Structures are given as C-alpha cells and as structure tokens.
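Position one of the sequence shown corresponds to residue 1057 (this note's numbering), numbered consecutively onward.
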Amino acid sequence: MSILKMKSHLLLAWHYAKNIFSHSLIVDRRSGYDLAITSHSDRVFRVFSAIESACSGSSKPRRAILFLSKEDFPKKLPASLERLRLRGLEIIVCENLRPHKKQQPYLKLNSTFDRPLITIDDDVFYDKNLTGSLFKAWQESPERIFCSRARVPRIRDGALLSYTTWPLCQHNEPTLWIFATGVGGVLYPPKFLQILRNAGDEFKSKCPTADDVWINFLAAEHRILIQQISKKSSSFPDIPGSRRTALFRINIHNGGNDVQISNTYSDQAIGFIEASHQPICYERKAPSKPTIFQLRRSN
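In structure tokens form, the structure reads like this:
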C-alpha cells in the first residue's frame, strides 16, 4: 500500500472514530455562511468523512446541508449520518440533479440571499481551515467567487482547448481567466447565488453532469471575478474508493467536460475571459489536441 493510500485509510479511521464518539456541533448559528454537499449511490455511506473534515475547524457553517435525491436516499440512513444529524446536519431530499444538487436545491430554500454558500464534494478529506479561509477571503472582497483549486483555460484563436490541457492555477489574483473546480471547495457570494437562480435550469440540457462548467460559465457571462485563495492550487486526500464512480470517468477521462463546455460556453463568455487579466501566460503553440469547438464542428 502506498503512503498516500495509507494516509487516506488512517484519515477514514480517524473521522469514523470522531463520528462515533464526538458530540460537538458541526454548525454555529452565529456563523456568516452556509455549507452544502451532495452524494449518491454507495458514497452515501462515506460522505460523513467529507463533512466531518470540513466542519472540524474553529469556523463552522450556520447551516450544513446534505442534499440527496430520492433515488440515492437509502431506506435507512447510515448510522454515521444519523449521528451527524444530532450534531446539526440537515438532510434534504430533492430532485436528482446529479452534481447540481449541491447548489440548485439550496436556491429554492431562500427568497433572498444575505450570506454566501460554500459547496464541497463528497470524495475527499478537507483541511479543517478551508471553509474559514474561504469565508475570510469573501469578507475582504464580497463580490467575488473564491476557491482553493482552479485551472487556467487555454484559449487559441477565440476557441477553448480541451479541458485536459488546462494547467492548475498558480496564482491568487482575481480574474475571469480561471476555472474554479468544486473538489477544492467553492464559495459563492450572495450576488452570484441570485444570478444562479435567475439562470434557471438550462444546465439540464447543456451540462447535466458538470456543475463546475455551469458555475464558471455564469461567472464569465456576468463578469463575476474568481479568486484562488492561495498561489498554489490545493490538493486533498481522496476518501478510499470514492474516485471509482462514473461521473469522474465520464467528465475527465472520457472527454465529458469538453462536450459540456462546448454546449455551454458562448462566444461572449469566451470573449469576456480573453479580455480579463491573465496573470500567468502560457505558450501559444498549435494545440496537440483539437479545440472544444473544433470537436463540436466535427461531430
């Protein structure tokens, strides 16, 4: 077993023990942000690890919500989630919007938005200071989207290159020229939550399995700056077994992100990205892979 795998299994054991024995609340009703997460299939039995890790620091969310679809809601909740409910976790059954379950059901819970929402994924262990760092950054610049991990879109002659060619972000400057990835945790300001709700449900046809694509497209379209909170993109340990599911394979390894980006991004959004400040330049060589829009035209 590799050192990384050993670390992941030790973290799983640690958070499992904490889940069994801890009685500490994972929420703080005085807090200024909410936290949302979703899960599916057998990952429902491991999602407690992501929640425990994200809520283990001194900064806790006002509300911590796990959204589950009817299809993924088990007949009997895992004991780990029942214990988290006693410590403040809310579990809400919603329409099966796949990864969009992190944001879309939340939008229907509020008529107005007076605090930001932080979303996390269910397949990694988070640093205990992540949510506090995201919230602190937002307090200093309340109009921006904040993340701890992002990629830099490659654009050539007004067209996006394949997602697999986008390097990780290596700066912390606000710009439209980065693509926040949900696995690192993302904070959405109240203004953007309203934009997201007003955008409706076009995501169902454009990018049904890629909520990151919908979020970043809307940010570009409405010129909402995105900022990584540190110069280096964060990397968090995987929860054992969690990366074996279909969405990861479809979006990353089978080109699903390219197809959905092609379906979603408008020429206007790409133009706004190109007009934005790009702190890190890359070589503008002829792409080794076709652009997303070349892929679309060839289909």
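Where a beta carbon is used, it is the ideal one built from N, C-alpha and C, also for glycine. All figures in this text were calculated on a predicted structure; none of them were measured in a lab.
- In this structure residue 1122 touches residue 1147 by the C-beta definition: roughly 5 angstroms separates them, less than 8 angstroms.
- Looking at the DSSP output, residue 1089 bridges to nothing.
- Counting only the Cα atoms, residue 1157 lies some 6 angstroms from residue 1094.
- Rounded to whole angstroms, the Cβ separation of residue 1269 and residue 1316 is 5 angstroms, and the two are in contact under 8 angstroms.
- Between residue 1256 and residue 1205, the CB-CB gap reaches or exceeds 7 angstroms.
- In its chain, beyond the 5 residues on either side, 1175, 1203, 1236 have a beta carbon closer than 6 angstroms to the beta carbon of residue 1242.
- In the displayed model, residue 1081 falls within coil according to three-state DSSP, outside both helix and strand.
- The straight-line gap separating the alpha-carbon atoms of residue 1322 and residue 1216 is approximately 11 angstroms.
- In the DSSP assignment, residue 1120 falls within the beta strand (DSSP E) that extends over 1119 to 1125.
- Annotation: residue 1326 to residue 1137 spans about 42 angstroms, alpha carbon to alpha carbon.
- Bridge pairing for residue 1242: 1175, 1203 [DSSP].
- Taken through DSSP and simplified to helix, strand or coil, residue 1224 comes out as strand.
- The C-alpha of residue 1214 lies about 35 angstroms from the C-alpha of residue 1169.
- Assigned with DSSP and collapsed to three states, residue 1101 falls in helix.
- A residue is called buried once 16 or more other Cβ atoms fall within 10 Å of its Cβ, and residue 1159 is buried on that count.
- Contact between residue 1171 and residue 1246 holds, with the beta-carbon distance rounding to 7 angstroms and staying under 8 angstroms.
- Taking every protein chain shown into account, the CB of residue 1313 has 16 or more other CB atoms within 10 angstroms, so this residue is buried.
- In this structure residue 1181 does not touch residue 1149 by the C-beta definition: roughly 26 angstroms separates them, more than the 8 angstroms allowed.
- Taking C-beta atoms as the reference points, residue 1298 and residue 1099 count as a pair closer than 7 angstroms.
- Counting the other CB atoms within 10 Å of its CB gives residue 1226 a total below 16, which places it among the exposed residues.
- With distances taken between CA atoms, residue 1250 lies nearest to 1163 out of 1163, 1073, 1192.
- Nearest C-alpha to residue 1178 among 1118, 1330, 1295: 1295.
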